[in-house]
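Participant: Mind having a look at this structure? Questions to follow.
2 protein chains.
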Amino acid sequence: MVEYNESKDAIFRALADGTRRDIVERLSANEQTVGMLAEPLDMSLAAVSKHIGILEEAGLVTRRKRGRERVCTLDPAGLLAVRDWTERYVEFWNSRLDALDRALKEDDDE
Amino acid sequence: MVEYNESKDAIFRALADGTRRDIVERLSANEQTVGMLAEPLDMSLAAVSKHIGILEEAGLVTRRKRGRERVCTLDPAGLLAVRDWTERYVEFWNSRLDALDRALKEDDDE
DNA sequence: GAGATAGTCAACCCTTTGGTTGAGTATCGA
DNA sequence: TCGATACTCAACCAAAGGGTTGACTATCTC
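Sequences listed follow chains A and B, in order. Per the numbering used here, residue 1 is the first one in the first sequence, and the count goes up by one each step. Per the numbering used here, residue 1001 is the first one in the second sequence, and the count goes up by one each step.
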């Protein structure tokens, strides 16, 4: 399994912000321009551009030019890193919860 | 499915910090006192106590008194919230990746 | 009871973050 | 070619984050 330690922190910090999570979720439906992403958000275009920059540095999003627009897309490489991490954590939580279940069952049996 | 929106942001912010992720991972092995958690970390006890406070407010950790010590444990309620969220995201990433796979396959077929 | 131990709390400090505005660039449409 | 559109960039600012220290409380040990 590949380790993504070098980027893990950047990904976590990128996803810590609600606005950026919103952007990621919206990009999961369709690729969108910076302006489209900014439209429903109550902040300047520059602010949105900065948010996208952070997602880009974390490897979650890529931006390409199309005329005078910039089209944003979810980045498969970043997605893989996030998926691997989340799966690791799901396993981790599940094993904890299983252990808790067993512990509770033992209590009941007494 | 239960929604954890009210706590989601706190959980994300709590897990955005590497020190706190470290604490959570260590607590997954065993419950530990604040002092034990602080021991390998290069910072004051007060700082560690603050980190634990943030994890506590996010619902990920509980602290109880045992003599003059405070014992920290992973909180099942918080764990469930995180697990549900991560599972939702794993599904989300997987569907994206499946879509990408299909798109790439179609390209190959041409 | 006296001192050591374990931790919390509040005040403070510096850095980072998340926003703003204003100016600049590239592209589109007339 | 000229003006609007779609951004980006740099400078700036206020608030939040992550750490410190010093004083305090509670408990253990002698």
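We put the beta carbon where it would ideally sit given N, CA and C, even for glycine.
Can you round the beta-carbon distance between B/Gly1035 and B/Leu1045 to whole angstroms, since I take them to be within the 8 Å contact cut?
Facilitator: 7 Å
Participant: Can you look up A/Glu39 in the DSSP assignment and give me helix, strand or coil?
Facilitator: Three-state DSSP puts A/Glu39 in coil, outside helix and strand.
Participant: Kindly list the residues whose CB is nearer than 6 Å to the CB of A/Gly78, restricted to its own chain and excluding five residues on each side of it in sequence; keep chain order.
Facilitator: Gly59 and Leu60
Participant: Over the uninterrupted alpha helix (DSSP H) stretch that includes A/Arg20, give me the two end residues.
Facilitator: Gly18 to Ala29
Participant: Which residues in the same chain as B/Asn1094 place their Cβ atom closer than 6 Å to its Cβ, once the five residues preceding and following it in sequence are excluded?
Facilitator: Cβ neighbours of B/Asn1094 within its own chain (closer than 6 Å, five residues either side excluded): none.
Participant: Going by C-alpha to C-alpha distance, which of B/Gly1067, B/Leu1100 and B/Cys1072 sits closest to B/Asn1030?
Facilitator: B/Cys1072
Participant: Do you know how far the Cα of B/Asp1101 is from the Cα of B/Asp1009?
Facilitator: So the two alpha carbons sit approximately 32 Å from each other.
Participant: What residue from A/Ala16, A/Ser28 and A/Ser7 has the CA that sits closest to B/Ala1098's CA?
Facilitator: In the sequence under discussion, the amino acid at residue 1098 of chain B is Asp, which differs from the Ala named in the question. Of the listed residues, the one whose Cα sits closest to B/Asp1098 is A/Ser28.
Participant: If A/Val48 and A/Leu37 are in contact, beta carbons under 8 Å, what's the gap, nearest whole angstrom?
Facilitator: 6 Å
Participant: Buried or exposed: where does A/Asp75 fall if 16 or more other Cβ atoms within 10 Å of its Cβ makes it buried?
Facilitator: buried
Participant: Would you kindly work out how many angstroms separate the C-alpha atoms of B/Arg974 and B/Leu1015, rounded to a whole number?
Facilitator: Residue 974 of chain B falls outside the range modelled here, since chain B spans only 1001 to 1110, and no answer is possible.
Participant: Report the neighbours of B/Gly1053 on chain A: residues whose CB is nearer than 9 Å to its CB, in chain order.
Facilitator: In chain A, no part has a C-beta under 9 Å from the C-beta of B/Gly1053; the shortest such distance is about 17 Å.
Participant: If we cut at 9 Å on Cβ distances, does B/Pro1040 have a partner in chain A?
Facilitator: No, B/Pro1040 does not count as interfacial toward chain A.
Participant: Does A/Asp9 come out as helix, strand or coil in the three-state DSSP assignment?
Facilitator: helix
Participant: Provide the residue(s) that pair with A/Lys65 in DSSP beta bridges, ordered along the chain.
Facilitator: A/Arg70
Participant: Measuring straight from C-alpha to C-alpha, what distance separates B/Arg1063 and A/Leu104?
Facilitator: Each residue's Cα considered, the two are about 20 Å apart.
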